[in-house]
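Numbering (the working numbering), first residue to last: 1444 to 2027.
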């Protein structure tokens, strides 16, 4: 008989499990704290997935079979246990492995192990408060509900079964207009209507988590495992179709990079109200998309030209030398892009004007570009534009300044394990704080002449960083809000930026295609699932300065909706993937 877990599975959430990529050898889970108290943690899952973190810093874990992806033809059934002490968890684990007709998964968001209470250890109640309101994932009392709600939206099951402890077997079905739920309810014994409430089951059939789609859901009150066979029989007999959530994600996954870029450009890349990296990268994405789809001889995008015109004509300054900021420095990358496309010296002069910040007024080289704020972001904010200036002007002093700045930032922020702490204030490896160096050095290499002696050092730095990041990609294809803490949320921009850098590395021969191509493809699938046709995105970390603790990085808000930063990064990876596929 297959060994399975007993009391304690997912409830104390102290398992530090390693994500297993599809096709990889499953890793044995380390014995967690608490096992000596008599709890059994003899796991046989190939995939223990952290889906969040409590206020106490413990993991909220789910059990998912890694081969049961969105395209798996089997119906996807998620079992949500109100409390992780439910006596049927062992039986469900066996069922997950043995059932070839249904793809099962499970989660138990109540994490304090209280036998007779729905309360958590933060004074909240994860069984209520759905859909969670306000900024995710920062609730001081109910982070479990926030994490669970959005994870379900992206996991996209076809049916959610909430299991509550109780005698006998009583079924409850919320009233709704989902025909598949109405058909399934007829096959459940004496199912009763579930009253309207702010609980997960009645809300899943009304509100779309992550804006993907509604999901059929039922509740069973029981301590017997007979409900598993009952659910399985009802699912198969009713021929349960895909949920709205799964249907939407499958539709998203069918889109090509060009189709996604076309959609994104309906929202992003239309203006440059200030010269900052966020709108500038979206305009760069527009320029690249037009070149890829219309040909190298096509006229430049009138939208892009109109966006930069006030700065090129001198009507508006691009920056204030007396008050430099990193985002503004990186915003000049759009002028470097236009200079390469047109040869117009006006664009070159704008790039050079900000690259000159690397030198004092008397021309003395500075140890680093100003406004670096000691943050790893500054690798991107300054290195590429300095390399651009060197290439466009032919003056090696800018290339030397680029290398000098990189070394300065790495001394501050590069950890011994090859990933970047965000700043010297804390060792936390913020997700976008690693995306920035990856994107920055990939862009730098594109601009840096082969003849420059320091180019090899930049290339090796990028290769080592991307190699270190590779092992932190999770099974869904994402990198997380904190790179080496998979219990933090899956973060959109870090995934896009790291995948872009890997793609550039593959295309230029810096990275081994066989090793990195699968990672890029997994990342792209994850990103596609998180990009809606109207340009809304899932879980883009809000703007983040230096934080003083891991907890503060956990608590940075995750945007669900339209976001200029996320849209710009999505355009960068979509256009780069177009280029990659056209070249193959």
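Ideal Cβ positions, reconstructed from N, Cα and C, are used throughout, including at glycine.
As a quick exercise: from the options, pick the residue whose alpha carbon is nearest that of residue i.
{"i": "residue 1671", "options": "1621, 1523 and 1770", "result": "1523"}
{"i": "residue 1980", "options": "1933, 1490 and 2026", "result": "1933"}
{"i": "residue 1673", "options": "1869, 1897, 1630 and 1643", "result": "1630"}
{"i": "residue 1550", "options": "1512, 1536 and 1543", "result": "1536"}
{"i": "residue 1891", "options": "1837, 1912, 1922 and 1867", "result": "1837"}
{"i": "residue 1985", "options": "2023, 1580, 1623 and 1634", "result": "1580"}
{"i": "residue 1590", "options": "2007, 2001, 2023 and 2027", "result": "2001"}
{"i": "residue 1611", "options": "1703, 1665 and 1876", "result": "1665"}
{"i": "residue 1711", "options": "1723, 1609 and 1994", "result": "1723"}
{"i": "residue 1894", "options": "1839, 1817, 1804 and 1916", "result": "1839"}
{"i": "residue 1574", "options": "1605, 1525, 1645 and 1511", "result": "1645"}
{"i": "residue 1825", "options": "1679, 1886 and 1862", "result": "1886"}
{"i": "residue 1684", "options": "1877, 1520 and 2006", "result": "1520"}
{"i": "residue 1876", "options": "1927, 1639, 1596 and 1511", "result": "1927"}
{"i": "residue 1909", "options": "1617, 1704 and 1862", "result": "1862"}
{"i": "residue 1627", "options": "1992, 1781, 1603 and 1730", "result": "1603"}
{"i": "residue 1962", "options": "1974, 1912, 1973 and 1929", "result": "1912"}
{"i": "residue 1930", "options": "1577, 1539, 1594 and 1531", "result": "1594"}
{"i": "residue 1898", "options": "1860, 1917, 1844 and 1918", "result": "1844"}
{"i": "residue 1983", "options": "1923, 1638 and 1804", "result": "1923"}
Put residue i into one of helix, strand or coil per three-state DSSP.
{"i": "residue 1864", "result": "coil"}
{"i": "residue 1478", "result": "Because the pLDDT of residue 1478 is 30, which lies under 50, any placement of that residue in the model is unreliable, and the number read from its coordinates should be weighed accordingly. It is helical."}
{"i": "residue 1506", "result": "strand"}
{"i": "residue 1599", "result": "coil"}
{"i": "residue 1543", "result": "coil"}
{"i": "residue 1447", "result": "Because residue 1447 sits at a pLDDT of 38, beneath the cut-off of 50, its placement in the model cannot be relied upon, and the following sentence gives the value as read from the coordinates. It is coil, neither helix nor strand."}
{"i": "residue 1659", "result": "coil"}
{"i": "residue 1706", "result": "helix"}
{"i": "residue 1745", "result": "helix"}
{"i": "residue 1632", "result": "coil"}
{"i": "residue 2028", "result": "The chain is shown only over 1444 to 2027; residue 2028 falls outside these bounds and no answer can be derived."}
{"i": "residue 1522", "result": "strand"}
{"i": "residue 2018", "result": "helix"}
{"i": "residue 1667", "result": "coil"}
{"i": "residue 1995", "result": "helix"}
{"i": "residue 1464", "result": "Residue confidence is low: residue 1464 scores 25 on pLDDT, short of 50, so the model does not pin down where it sits. No coordinate-derived value is stated."}
{"i": "residue 1952", "result": "coil"}
{"i": "residue 1493", "result": "strand"}
{"i": "residue 1689", "result": "helix"}
{"i": "residue 1912", "result": "helix"}
My understanding is that residue i touches residue j, with C-beta atoms under 8 Å, so please give their C-beta distance in whole angstroms.
{"i": "residue 1775", "j": "residue 1718", "result": "6 Å"}
{"i": "residue 1856", "j": "residue 1864", "result": "5 Å"}
{"i": "residue 2030", "j": "residue 1970", "result": "Because the chain spans 1444 through 2027 in this model, residue 2030 falls outside it and cannot be assessed."}
{"i": "residue 1764", "j": "residue 1808", "result": "The pair is not a contact, with the Cβ atoms about 16 Å apart (cut-off 8 Å)."}
{"i": "residue 1583", "j": "residue 1565", "result": "7 Å"}
{"i": "residue 1692", "j": "residue 1513", "result": "6 Å"}
Output needed for residue i: all residues of its chain with C-beta closer than 7 Å, excluding positions within five of it in sequence on either side, in chain order.
{"i": "residue 1768", "result": "1814"}
{"i": "residue 1902", "result": "1888 and 1953"}
{"i": "residue 1545", "result": "1517, 1518, 1520, 1675 and 1678"}
{"i": "residue 1978", "result": "1706, 1707, 1709, 1710, 1711, 2005 and 2010"}
Among the residues of its own chain, which have a CB less than 8 Å from the CB of residue i, if the five just before and after it don't count?
{"i": "residue 1906", "result": "1948, 1953 and 1954"}
{"i": "residue 1858", "result": "1864, 1870 and 1872"}
{"i": "residue 1587", "result": "1495, 1497, 1503, 1552, 1553, 1554, 1563, 1567 and 1569"}
{"i": "residue 1960", "result": "1949"}
Between residue i and the rest of its own chain, which residues show a CB-CB distance below 6 Å, the 5 nearest in sequence each way excluded?
{"i": "residue 1657", "result": "1648, 1651 and 1687"}
{"i": "residue 1755", "result": "1789"}
{"i": "residue 1996", "result": "1871, 1873, 1925 and 1990"}
{"i": "residue 1492", "result": "1505 and 1507"}
{"i": "residue 1821", "result": "1769, 1815 and 1852"}
{"i": "residue 1976", "result": "1706"}
{"i": "residue 1753", "result": "1759"}
{"i": "residue 1920", "result": "1965, 1966, 1968 and 1969"}
{"i": "residue 1778", "result": "1790, 1793 and 1794"}
{"i": "residue 1866", "result": "1817, 1818 and 1989"}
{"i": "residue 1987", "result": "1999"}
{"i": "residue 1474", "result": "Legend: pLDDT at residue 1474 = 32, less than 50; position of this residue unreliable, value from coordinates given subsequently. Here the set comprises nothing."}
Is residue i close to the ligand COA? I mean its beta-carbon at under 8 Å from any heavy atom of the ligand.
{"i": "residue 1541", "result": "Of ligands this structure carries none, so the ligand COA is not represented either."}
Entirely enclosed alpha helix (DSSP H) segments - the segment 1711-1738, minimum 4 residues: 1720-1737
Identify every run of the alpha helix (DSSP H) within the segment 1790-1857, keeping only runs that are complete inside it and at least 4 residues long; order them along the chain. 1821-1836 and 1839-1856
If you scan the segment 1566-1630 from start to end, which runs of the alpha helix (DSSP H) of 4 or more residues do you find wholly inside it? 1586-1598 and 1622-1628
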